[in-house]
Amino acid sequence: MKSTFRNLFSIGSRKAAVEHSSLRRSMVVAGLSFPVVSFVSMSARAAEGLEKFYKYNTKPEDYLSGVFGGQVPAPQVADTAGKSGDMLQPLPQRTRYWRANGKTVWIFDEIGKAGYLPTTCGFVVKGGAIESASVLIYRESRGDQIGTAGFLQQFVGAKSSGAGIDKNVDNVSGATYSVNLMKRMARVALALDASVPA
């Protein structure tokens, strides 16, 4: 009788232990999944509101409205197939631009270095020279000095010169790739402007 009771008790204990173990496993899984789910949802929310942390954050449509005084012309398309050798980089086969009042406006999303985030920049070209340069969206944590008026002023009046531009642009400490990106995109804007019909 004693052994039967012990067997019943131990069977009950094992069953209780298994149930307890399953419950514990469920709690551990739930406890581990909650932070993961929370992290994923927080990351999604953070990505939605990340633009508020960009030092420069001008929407392209707002930039175009400012350049053209509220009367933004319809976009046109430059056929860049086979022309990328002059542009220093491969470009999409078709690049949008805007033309009015004797000037063209080019907006580029470009990466300064592999692994970096794209910088959105805009260039106004008139008479074969840069009339103005702007950084619309700068997503990197360093080098945002390339968006300052003092830096961008260096591009005004620049023309094509070989594989670059004819003006010397001072480097910014800690932002060499971003500076090179702006010089490269200025050259691309000038080359594209020269390639489209007037």
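Numbering-wise (this note's numbering), the sequence shown opens with residue 6 and increments by one.
No residue lacks a Cβ here, since even glycine has one placed at the ideal position from N, Cα and C.
Alpha-carbon spacing of residue i relative to residue j, whole angstroms
i           : j           : result
residue 170 : residue 59  : 28 Å
residue 122 : residue 74  : 30 Å
residue 131 : residue 102 : 13 Å
residue 156 : residue 178 : 12 Å
residue 80  : residue 137 : 19 Å
residue 134 : residue 196 : 10 Å
residue 201 : residue 120 : 32 Å
residue 199 : residue 173 : 21 Å
residue 110 : residue 99  : 15 Å
residue 66  : residue 154 : 20 Å
Residue i classed as buried or exposed, judged by whether at least 16 other C-beta atoms fall within 10 angstroms
i           : result
residue 84  : exposed
residue 140 : buried
residue 64  : exposed
residue 158 : exposed
residue 192 : buried
residue 188 : buried
residue 166 : exposed
residue 72  : buried
residue 203 : exposed
residue 82  : exposed
Segment limits, alpha helix (DSSP H) that includes residue i
i           : result
residue 198 : 181-200
residue 160 : Unbroken run through residue 160: none, as it is neither H nor E.
residue 70  : 65-72
Nonlocal neighbours in the same chain, by C-beta distance under 7 Å from residue i, ignoring five residues either side
i           : result
residue 176 : 184
residue 180 : 147, 148, 150, 151
residue 77  : 69, 70, 103
residue 114 : 123, 125
residue 105 : 73, 78
Start and end residues, beta strand (DSSP E) containing residue i
i           : result
residue 102 : 99-105
residue 124 : 124-131
residue 175 : Unbroken run through residue 175: none, as it is neither H nor E.
residue 140 : 134-142
residue 115 : 108-115
residue 84  : 81-84
6 Å CB neighbourhood of residue i in its chain, flanking five on each side removed
i           : result
residue 68  : 127, 141
residue 162 : 134
residue 204 : Past the boundaries of the shown model lies residue 204; the chain is included only from 6 to 203, so the question cannot be answered.
residue 194 : 111, 128, 130
residue 45  : Since pLDDT at residue 45 reaches only 42, below the 50 mark, its modelled position is unreliable, and the value read off the structure follows with that caveat. So the list is empty, once near-sequence residues are dropped.
Beta-carbon contacts of residue i that lie in its chain and below 8 Å, excluding the five residues immediately before and after
i           : result
residue 61  : 140, 141, 142, 143, 149, 152
residue 116 : 122, 123, 124, 186
residue 107 : 131, 132
residue 2   : One cannot answer for residue 2 here, as it falls past the ends of the chain, which runs 6 to 203.
Practice task
Tell me, please, whether the region 144-153 touches the region 183-193 by the rule of three or more beta-carbon pairs shorter than 8 Å.
Solution key: yes
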